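Visitor: Chains as they are written, first to last, in my numbering: chain G, 121 to 612; chain H, 415 to 729.
We put the beta carbon where it would ideally sit given N, CA and C, even for glycine.
If you're wondering where the values come from, they're calculated on a predicted model, not measured in any experiment.
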Amino acid sequence: MSKRILAAALLFSASLVPAYAAKTSLVVGMPIEPPGLDPTVAAPVAIREVTWVNLYEGLVRLDRTGKVQPLLAKSWEVAPDGLTYTFKLQDGVKFHDGSTFDSADVKFAFDRARDPKSTNAQKQIFAPIASIETPDPSTVVIKLKETSGNFLYYLSWGDAVIVAPETAENNKANPVGTGPFKFKSWTRGDRVELVRNPDYWQKDKTKLETVTFRFINDAQAQVAALRAGDVDAFPNLGAPELFAEFQKDARFKAVAGNTEGETVAGLNSAKKPFDDPRVRKALMHAVDRKALVDGAYSGFGRPIGSFFSPNHPAFVDLTSVVPYDPEKAKALLAEAGASNLSITIKTPQMAYASRSAELLSAMLAEVGVDLKIIPTEFPAKWIEEVFKNKDYDVTIVSHTEPLDIDIFARDTYYFNYKNDKFKAAISDAAKTTDEKARFAKYAEAQKILAEDVPALFLFQLPKLGVWNAKVKGLWENSPIPSNDVTEVTWDE
Amino acid sequence: MLRLIATRLLSLAITLMAVSLAIFLILEVLPGDPAAIMLGTAAREDTLAALRLEMGLDRPALVRYLEWVGGILHGDLGTSFTYKLPVSTLVAERLAITVPLSLLAILISTALALPLGVAAAAKRDGPVDKAVLVFSQLGVAVPNFWIGLLFILFFSTYLGWFPAGGFPGWAGGIVPAFKALLLPAVALALPQAAVLTRVTRSATLEVIGADFVRTARAKGVDRSATLRRHVVPNALIPVTTILGLQLSFFFGGAILVENVFNLPGLGRLAYQALAQRDLIVIKDIVLIFAGIVIVVNFLVDIGYALLDPRLRSRS
């Protein structure tokens, strides 16, 4: 009898011990819960951070260095005029519901996204498309109205993943894609669980059996969850002041990489005195970017001199174009007749924004500018007041979309910035299919912004990744907002 | 008694109607376009219009108000913009955490406060009384979220006995779910227990000094029987008042504790819905919170009548 109890006790305790050998589960922490799991109908980054290439796949994808790579399209040809793209699709691909993937699904997904009733957040991806033809199940021919240098790049985004006509309507709550993981459950407010897709077309691509995304908003709680081992990885830790401790701790790997988020203090160029380039330049001269990064992000963010991510191959470092020089700032302000300036900065609640605003206020005070902080709430109130009504002097926010330098070329954007030379450079870059020539155009555009200062270019938001030292294969930079776990393995 | 219940029920209904109107009007003037939030900063005007149409934001305010209230009267709380799920499903999931958390906290708080308060009053200025006073001073001074953080540091990070936060769901079994709720419940209970202890102590002291207690002792009832039969039942009336007030605090105060322990309760849902301007969810939750407070007050009123026979006859 007592033996039986002992055996039962042993069995019970064995079931409590996690299997350490060849671990095949991963728990990833994220600060924000996604509102729905369909990246083709809404903008929030959190949707992509769960689903991109894990659950859904596009014709192409970005790799960890930001380069376009084939995915559901195994190859493609671009006609010499740059207007016809012929994609050859992978064979043997199935959606998670068992239905077969073919060219009709691609046509459906893109037609759905560019429909007038669609709520796709990046419709400009599909704007150049004139027609989509499907000569056979494994071929898609897309004809463009005009050449588009970034067409393939944009097709790698979450907004352009391929969804099936039978299931697309329900993807928000019950996502069905072609990726290596399929949706298992969503405990709202707490976690989304994915499991390995046994029928995935790239056999043995992934080693993990289960992936759990847990949503932990409070920075202290994020740190506690990592330390207690409740989560294995936090690819975007919210507590820069505690990051250095993880760097010293051998149990963890802590990497400070780059996101696509350019943190800028936007200036309202339609409003006096910001319509005068000398004033904008003077304000930039007053900012010590290095000190700002130290104070606002514990030193972990790369200073930027223009509006382009260091992850992109066309990036140019322009921090020396308008360097920190308070004397020059004062001289320029005097020249523009804007000494004793009194202005306001609408500041959202994010820690990096409010800390940066305080530091900016102190730095501008040194050159005789009084910068008053007005708190606002992001996204709701900020979008209403600043983005839509353009009722502001200065504001501060990180722009996290990849390759979004063209926002300075949009007439209705909140900067109220109008520069024909810049617009020409951007529209040339967008049309140029030759990579080298396109990157040169982007370099020119970056330079125009650096000199003309439509916003104070501060720093690239860092990607503070912390994970268990035994976890291998997570990305150190994020050239696209995502948490690609398809190559993750555990060291024995 | 029946008349008391009837008048209280009528005022309950009127209060709820007034609250629903206030909630709707406040959210109408709150800045922030839910469609713009969903579509981000790259959205084009036609896309925004398409989403507003889908969300039904293009219709007049009065129509939306009547639809909302009418839906609730039919038991339909509407559909969340962000989750695309019925709000009733979302709220039920969250109540499955917030209600057990609050009840557990009330249980812990009452189980601590009543014996401590009575024991302290029984021997005024004795060692027990002094210890209880120190405990209650501390408990009142220390905020619950800070206690929560300390608990996490000690019991989760250092000892590893409890998860550092989150909730595994009831489907995973009672034990893990209970383990996830215990620390937050204690953190939530301690400050309230401190208040309740002091109230119990002073209420008990007051009754101990009353004439009828002296009479009871004089006719030969022993000390503990006097306490049990005459003092405690009479002291319970002010204690019930405070407990009733605290009940609503537990549901509201859970918001902070839920955040520290990362529990997906009703408070967290409210916070998230507000950030996303998921208007229908905010409206429903605020109404539910208000409803809980109003119903609890109603029950406390009835509770008085049960505890104190004099109130029954007066009404």
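From G/Ser598 to G/Gly186, what does the alpha carbon distance come to, in whole angstroms?
Guide: Their Cα atoms are separated by approximately 8 Å.
Visitor: Would you grab the beta carbon distance between G/Ala500 and H/Pro445 for me? Rounded to a whole angstrom, and I think it's under 8 Å.
Guide: Rounded, the Cβ-Cβ distance is 7 Å, consistent with contact.
Visitor: Quick check on G/Tyr205: does DSSP put it in helix, strand or coil?
Guide: It is a strand residue.
Visitor: With a threshold of 16 other CB atoms inside 10 Å of the CB of G/Val216, please say whether the residue is buried or exposed.
Guide: According to the sequence displayed, residue 216 of chain G carries His and not Val. So G/His216 counts as buried.
Visitor: Given a limit of 7 Å on CB to CB distance, which residues of the stretch 435–449 of chain H reach chain G?
Guide: Under the 7 Å Cβ criterion, the stretch 435–449 of chain H contributes Pro445, Gly446 and Asp447.
Visitor: Given this structure, state the Cα-to-Cα distance separating G/Thr66 from G/Pro164, to the nearest angstrom.
Guide: Since the first and last residues shown for chain G are 121 and 612, residue 66 of chain G lies out of range.
Visitor: Give me, in chain order, the residues of the same chain whose beta-carbon lies closer than 7 Å to that of G/Phe528; leave out the 5 immediate sequence neighbours on both sides.
Guide: These residues qualify, in order along the chain: Phe427, Phe535, Tyr537, Phe542, Leu569 and Pro574.
Visitor: Counting only beta-carbon separations shorter than 8 Å, does H/Ala578 have a partner in chain G?
Guide: Yes - at least one Cβ of chain G is within 8 Å of the one on H/Ala578.
Visitor: I'd like to know whether the C-beta atoms of H/Ala450 and H/Ala457 end up nearer to each other than 8 Å.
Guide: Yes, the pair counts as a contact, with Cβ atoms nearer than the cut-off.
Visitor: Quick one: list the residues of chain G neighbouring H/Lys498, beta-carbon separation under 8 Å, in chain order.
Guide: Neighbours of H/Lys498 on chain G, chain order: Gly156, Lys292 and Ala293.
Visitor: Which residue comes first and which comes last in the alpha helix (DSSP H) that contains G/Ser462?
Guide: First-last for G/Ser462: Ser462 to Thr467, but that is the beta strand (DSSP E), not the alpha helix (DSSP H).
Visitor: Can you tell me the Cα-Cα spacing of H/Phe663 and H/Val600, whole angstroms?
Guide: Roughly 15 Å separates the two Cα atoms.
Visitor: Just to check my reading of the structure: G/Asn98 and G/Leu157 have Cβ atoms closer than 8 Å, yes? What is that Cβ distance to the nearest angstrom?
Guide: Residue 98 of chain G lies beyond the stretch modelled for chain G, which goes from 121 to 612, so this question has no answer here.
Visitor: Tell me which same chain residues have a C-beta within less than 8 Å of the C-beta of H/Val709, skipping the five on either side of it?
Guide: Correct list, in chain order: Leu426.
Visitor: With DSSP as the reference, identify every bridge partner of G/Gln580, one or two as the case may be.
Guide: According to DSSP, G/Gln580 bridges with G/Glu382 and G/Arg422.
Visitor: Restricting to Cα atoms, I'd like to know which of H/Arg682, H/Val707 and H/Arg466 is closest to H/Val695.
Guide: Answer by Cα proximity: H/Arg682.
Visitor: Assuming G/Ile465 contacts G/Thr515 (C-beta within less than 8 Å), just tell me the rounded distance between them.
Guide: Indeed they touch by this definition, with Cβ atoms about 6 Å apart.
Visitor: Please name the residues in the stretch 677–691 of chain H whose beta-carbon is closer than 9 Å to at least one beta-carbon of chain G, in chain order.
Guide: Those would be Leu677, Pro678, Gly679, Arg682, Leu683, Tyr685, Gln686, Leu688, Ala689, Gln690 and Arg691, in chain order.
Visitor: In the DSSP assignment, the alpha helix (DSSP H) including H/Leu517 goes from what residue to what residue?
Guide: Unbroken alpha helix (DSSP H) run through H/Leu517: Val501 to Ala536.
Visitor: Answer with yes or no whether the minimum CB distance from G/Ser547 to chain H is below 8 Å.
Guide: Chain H contact via Cβ: absent.
Visitor: Once you ignore the five residues that flank H/Leu595 on each side, which residues in its own chain have a CB closer than 7 Å to its CB?
Guide: Pro514, Leu515 and Leu518, listed in sequence order.
Visitor: Please confirm if the stretch 428–443 of chain H is in contact with the stretch 485–501 of chain G, defined as three or more CB-CB distances below 8 Å between the two stretches.
Guide: The stretch 428–443 of chain H vs the stretch 485–501 of chain G: no contact.
Visitor: What three-state label does DSSP hand G/Ile494 in the structure shown?
Guide: If DSSP states are grouped into helix, strand and coil, G/Ile494 belongs with the strands.
Visitor: For chain H, check one thing: does any of its Cβ atoms lie closer than 8 Å to the Cβ of G/Ala129?
Guide: Per-residue confidence for G/Ala129 stands at a pLDDT of 48, beneath the threshold of 50, marking its modelled position as unreliable; no derived number is given.
Visitor: Throw me the rounded Cβ distance for the G/Glu329 and G/Thr144 pair, which I believe falls under 8 Å.
Guide: Rounded, the Cβ-Cβ distance is 4 Å, consistent with contact.
Visitor: Just by C-beta distance, which residues in the stretch 604–627 of chain H are closer than 7 Å to chain G?
Guide: Listed by position along the chain: nothing, the set is empty.
Visitor: If I follow the unbroken beta strand (DSSP E) through G/Tyr193, where does it start and stop?
Guide: The amino acid at residue 193 of chain G is misidentified as Tyr; the sequence shows Ala. It spans Ala193 to Val198 - the beta strand (DSSP E) in which G/Ala193 sits, taken as one unbroken run.
Visitor: If contact is defined by three or more beta carbon pairs under 8 Å, each pair taking one atom from either stretch, is the stretch 624–635 of chain H in contact with the stretch 573–589 of chain H?
Guide: They do not touch, by the three-pair rule.
Visitor: On the DSSP bridge assignment, give the partners of G/Asn337 in chain order.
Guide: None, per the DSSP bridge assignment.
Visitor: Using the three-state DSSP reduction, which class does G/His432 fall into: helix, strand or coil?
Guide: Coil at G/His432, not helix or strand.
Visitor: I'd like to check one pair, G/Val351 with G/Gly585: are the Cβ atoms closer than 8 Å?
Guide: Contact: no.
Visitor: Do you know whose CA, among H/Arg466, H/Glu468, H/Leu602 and H/Ile702, lies nearest H/Leu680's CA?
Guide: Out of H/Arg466, H/Glu468, H/Leu602 and H/Ile702, H/Ile702 has the C-alpha closest to the C-alpha of H/Leu680.
Visitor: Looking only at DSSP bridge pairs, what is H/Ile708 linked to?
Guide: In the DSSP output, where bridge partners are listed per residue, H/Ile708 has none listed.
Visitor: If you compare alpha carbons, which of G/Arg308, G/Val198 and G/Thr160 is closest to H/Ala510?
Guide: Answer by Cα proximity: G/Arg308.
Visitor: Quick check: the Cα distance between H/Ile522 and G/Ser389, rounded to an integer number of angstroms?
Guide: Rounded to the nearest angstrom, the two C-alpha atoms are 59 Å apart.
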